[in-house]
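Residue numbers (my numbering): 18 to 655. For every residue, glycine included, the Cβ atom is placed at its ideal position computed from N, Cα and C. A short worksheet on the structure shown next.
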Ligand code: 7RM
């Protein structure tokens, strides 16, 4: 097959072969051979990868699967992810290598070497200690996209505290729920953030989240000054607000990295599922380090001369794994951009690629589709020749967006690594490496040692080309260990529907070449602009409004966002329907969950379609809204 494909990218049978240049640079040159060796001896594969990292004490047992589904990796090992991400670079040339290149939306630039990062993280680790934070304590982080966000995460990890990053687009109510659920005593935030020309009042949102009635566990708030807007600093009996820079000025730059057991918690991250309450997935120091380090190394083929830009938010699992931990463990230089992709003009991203010579750009289909709307003239204004590899994550990438990204951004020379994975998996699960032939829209095959299988409702494997539920048969080092504080729910959510298997919540198809095609969620989880929401979560926000008796939420296809949220509500008796009320309900969801969750439309209805047993038939609402056939409605109560 030639390097230049001849058919249209919308044809699923088309295959893009890696160029000779890509092959020459690749770390994994023979994917099939590496895969066969890893399959034959999976534990050996992971032991060898783990040995590339530094350990305070070696592990005794690679995998303990005696208490399924609570798997343990590198049991008996003593380590700390910060030792590998920062400390061990201090004695090499990487001490003076850039860890982060930062671009503020207002044009401010910052450059931070591994040596400087080490100093900042040590200082902030001592700040946290000074506030009484000890190993095992939870710290909530709610910040804009500034380097201090990774610094705060790393400082927690360094002293063995568990960070819980809450994405800055969530509302005060959502932040408060996560603070209470995790019982965090310290909250780290910023005065504000600049996003798409607007000022986001992060500190004010925190103040609303921390109201004392009912009681909130936070006693200390640390505020990083980013925008300089006036904020109120509280200092009362139960609550002390501190400026980041004032505490840092008094802290010592010497701080030992805590010795952690492999299975000790590193962080929790809330993600939405099929119930109204987001759950906190827990990741650990040892296995997560090995898994994210390895997947990043092989999939992005990272080298010392690369400049890697993951344009996600650090508040998403993608940012945790591939802005913070994996790039740092690999000694990479990362670019971080504070603001919105099209501010002040639609070529902002492309100017950043050109200015800093970005070699790898990892982003989401929703962002690509958003920028694609502005036309190819914008990227064409900039020299994007530094790029050698592209990446996609968050949802299936449609062939049009794939083709646009490949041609207009990658100059038809950069393979696109379409990485399928989840908050729960810690790192890439179905993904190519650069030498793997690509089919637009497919994440190709499972990563080394991962055993995926598509099954029907009974758990029986579906033959090639058939659609079914995507499950994973084995354990891998990066998997979440539990839902924080609720192991039963972990078992129930992921390991009960198909006994002995991890259920991903996705449906998929495998083609005759063994390539996987993700179709979408099958569990009432919606991906909106790459963010995960449960329909139940939005419904409970709607029902929390005094005018609403019942609500049903569905996702409908949206050109840029992938899905758009549509709500249907039944009002309480005596409440009058009006366009103003419908608008108020949209805003209510934005207040309760966050602006990113604001429904596209809320419709006030007289009745909701239900089954005889009283379950709302969302599927029917969906087909009606799209003008599609209603399908099987034999269970409908009407
Ligand atoms: C990394 C992340 C997980 C869900 C997952 C899928 C969807 C993610 C892809 C994808 C098709 C991809 N974590 N998803 N990546 N679908 N192709 N490359 O997104 O926890 O927020 O969401 O996202 O449905 O189950 S997440």
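Alpha carbon to alpha carbon, how far is residue j from residue i? Give it in angstroms, no decimals.
i           : j           : result
residue 507 : residue 500 : 5 Å
residue 459 : residue 523 : 14 Å
residue 366 : residue 359 : 7 Å
residue 130 : residue 106 : 10 Å
residue 297 : residue 607 : 21 Å
residue 147 : residue 379 : 37 Å
residue 255 : residue 155 : 18 Å
residue 610 : residue 187 : 6 Å
residue 194 : residue 445 : 29 Å
residue 220 : residue 252 : 14 Å
residue 37  : residue 96  : 39 Å
residue 647 : residue 637 : 6 Å
residue 133 : residue 279 : 27 Å
residue 68  : residue 395 : 45 Å
residue 126 : residue 387 : 25 Å
residue 347 : residue 340 : 11 Å
residue 287 : residue 197 : 12 Å
residue 19  : residue 34  : With a pLDDT of 38 at residue 19, under the threshold of 50, the modelled position of that residue is not reliable, and the figure given next carries that caveat. When rounded, the distance between both Cα atoms is 7 Å.
residue 153 : residue 177 : 6 Å
residue 409 : residue 326 : 12 Å
residue 113 : residue 104 : 13 Å
residue 599 : residue 626 : 20 Å
residue 382 : residue 461 : 17 Å
residue 241 : residue 352 : 20 Å
residue 44  : residue 431 : 16 Å
residue 356 : residue 248 : 21 Å
residue 72  : residue 407 : 32 Å
residue 645 : residue 552 : 21 Å
residue 435 : residue 597 : 42 Å
residue 40  : residue 47  : 9 Å
residue 161 : residue 317 : 26 Å
residue 343 : residue 102 : 8 Å
residue 494 : residue 330 : 24 Å
residue 433 : residue 423 : 7 Å
residue 439 : residue 50  : 27 Å
residue 649 : residue 231 : 47 Å
residue 42  : residue 52  : 19 Å
Relative to the C-alpha of residue i, which candidate in the options has its C-alpha closest?
i           : options            : result
residue 191 : 211, 159, 96       : 159
residue 223 : 198, 243, 250      : 250
residue 204 : 221, 218, 238, 230 : 238
residue 266 : 352, 322, 139      : 139
residue 123 : 56, 369, 560, 79   : 369
residue 333 : 311, 371, 289      : 289
residue 185 : 216, 525, 307      : 216
residue 651 : 547, 629, 633      : 629
residue 624 : 614, 598, 653      : 653
residue 489 : 323, 568, 516      : 516
residue 390 : 401, 577, 53, 32   : 577
residue 427 : 404, 442, 435      : 404
residue 634 : 604, 541, 614      : 541
residue 157 : 552, 467, 582, 233 : 233
residue 361 : 617, 121, 76, 54   : 121
residue 85  : 519, 548, 580, 525 : 519
residue 303 : 584, 63, 57, 58    : 63
residue 392 : 414, 376, 363, 512 : 363
residue 480 : 529, 569, 261      : 529
residue 281 : 613, 497, 573      : 497
Inspect the beta-carbon positions of residue i and residue j and report whether they are closer than 7 Å.
i           : j           : result
residue 450 : residue 315 : yes
residue 544 : residue 417 : no
residue 594 : residue 621 : yes
residue 527 : residue 447 : no
residue 299 : residue 144 : no
residue 463 : residue 32  : no
residue 617 : residue 582 : yes
residue 55  : residue 442 : no
residue 175 : residue 235 : no
residue 570 : residue 547 : no
Given 6 Å as the limit, tell me if residue i has its C-beta closer than that to any heavy atom belonging to ligand 3.
i          : result
residue 34 : Looking for ligand 3 in the displayed structure turns up nothing; the ligands present are ligand 1.
Taking 8 Å as the threshold, find out whether the stretch 152-172 comes into contact with the stretch 105-123 through three or more Cβ pairs. yes
Would you check if the stretch 210-222 and the stretch 170-177 touch, i.e. whether three or more CB-CB distances between them fall below 8 Å? no
If we count Cβ pairs, one from each stretch, closer than 8 Å, do we get three or more for the stretch 584-598 versus the stretch 559-569? yes
Check whether the stretch 298-311 touches the stretch 85-94, taking contact to mean three or more Cβ pairs, one atom from each stretch, closer than 8 Å. yes
Three CB pairs or more closer than 8 Å across the stretch 528-537 and the stretch 477-491: yes
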